[in-house]
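**Q** Okay, handing you the structure first.
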Amino acid sequence: MLSKQGLLADQPAINPARPHAARPPHYPAKAKNVLVIFCAGACSQLETWDYKPELIKHDGKPLKNGPPVTFQGPAGNLARPQYEFRPYGQTGKMCSDMVPHLASMADDYAFIHSLTSKSNTHGPAENFISTGFTLDGFPSMGAWITYALGSENENLPAFVAIPDPRGIPQSSVNNWGPGFLPAVFQGTAFNSKQPIQNLQPPKSIANKTDVAARDLLKLLNDQHLKRNPEDTNLSARIASYELAARMQLSVPEISDLSTEPQH
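Just so you know, we're using the working numbering here: the sequence shown kicks off at 13 and counts up by one.
Here is the structure:
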């Protein structure tokens, strides 16, 4: 019944040879891209956007009916934010003086203060914000979006992750992993020194040799695919090789941030 009423969406039709081909959304969309900035271990929301006048009022007092001991040890007293809050913009949104430039654009943001988490431990909480589950093994937001919509650009990865160069989050690649979806929908990690690892062959391999090796590999893969057309993993692998070849030309240009405007 749910299927007939359209309450359960059909799985997107995905061509294994072109897994990232653009697919129409269920509803007309305005957004062209999805950008998620997740700052693991960043400053508390109580020091930026989440104004708590009662917390300021009860500064230095113990939490009423709170646990005497927490996971981190004995419970301490309540502590007010270290920066003052004041209204910003036409909406009068209360923001911290810690972020005055961002606060000056408060009218352009959509603040969601109703979110809660099932864990306050870094690893499971990072899983939760990226996948919706505290346990491992579930697709990240980017993997779901890529699986559902694909990409309009077939010369670049459909889903890119830019980890902090000082170290990846505690939940590691779960933040951009495919979970139980096909591996082709996982994020491609970028970095500033080498935008995509292993994209270019070693300097010891001549370009002519590299092209000949790829041509031979494609010939063998195509022959095997004709004998085994049901092998979707091989189709996806062939598509990934073709994408890598196109990225060798497109990635150097788009990863050159020197051409970006200064904001």
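For every residue, glycine included, the Cβ atom is placed at its ideal position computed from N, Cα and C. Values in this document were obtained by computation on a predicted structure and should not be read as measured data.
Tell me whether Ala41 sits in a helix, a strand or coil according to DSSP, three-state version.
**A** Note: Ala41 maps to coil in three-state DSSP.
**Q** Which residue marks the beginning of the beta strand (DSSP E) containing Lys105, and which one marks its end?
**A** First-last of the beta strand (DSSP E) with Lys105: Lys105 to Ser108.
**Q** Does the beta-carbon of Thr143 have 16 or more other beta-carbons within 10 angstroms, so that it is buried, or is it exposed?
**A** Label assigned to Thr143: buried.
**Q** Check for me: the alpha helix (DSSP H) holding Phe140 runs from which residue to which?
**A** From DSSP, the alpha helix (DSSP H) with Phe140 extends over His134 to Thr143.
**Q** Based on DSSP bridge pairs, tell me the residues matched to Arg98.
**A** For Arg98, which the question treats as bridged, DSSP gives the partners Cys107.
**Q** The alpha helix (DSSP H) spanning Pro65 covers which residue range?
**A** Per DSSP, Pro65 belongs to the alpha helix (DSSP H) from Pro65 to Lys69.
**Q** Specify the secondary structure class of Asp234 as computed by DSSP and reduced to three states.
**A** Asp234: helix per DSSP, three-state reduction.
**Q** With a threshold of 8 Å (Cβ to nearest heavy atom), would Gln84 be considered close to the ligand GDP?
**A** Ligands in the displayed structure: none, and consequently the ligand GDP is not present.
**Q** Could you give the distance in angstroms between the alpha-carbon of Leu232 and the alpha-carbon of Ala224?
**A** Rounded to whole angstroms, Leu232 to Ala224 spans 12 Å at the Cα level.
**Q** Suppose the cutoff is 8 Å on Cβ atoms and the five residues either side in sequence are ignored; what does the same chain contact list for Gly53 look like?
**A** Closer than 8 Å at Cβ, skipping near neighbours: His134.
**Q** Quick one, which of Ala115, Pro213, Ile174 and Gln57 has its alpha-carbon nearest Gln198's?
**A** Taking only the C-alpha atoms, the option nearest Gln198 is Ile174.
**Q** Taking the alpha-carbon positions, what's the Ala170 to Gly162 distance?
**A** Approximately 7 Å, taken between the alpha carbons.
**Q** Could you check what DSSP says for Ala160 in three-state terms: helix, strand or coil?
**A** It is helical.
**Q** Alpha carbon to alpha carbon, what distance is there between Cys55 and Ala195?
**A** If I take the Cα positions, the gap works out to 33 Å.
**Q** Are Pro151 and Gly88 closer than 9 Å when you measure CB to CB?
**A** Against a cut-off of 9 Å, the Cβ pair of Gly88 and Pro151 comes out as no contact.
**Q** Val48 by DSSP, collapsed to three states: which one?
**A** Note: Val48 maps to coil in three-state DSSP.
**Q** Is it buried or exposed for Ala218, if we count other Cβ within 10 angstroms and need 16 for buried?
**A** Under this definition Ala218 is an exposed residue.
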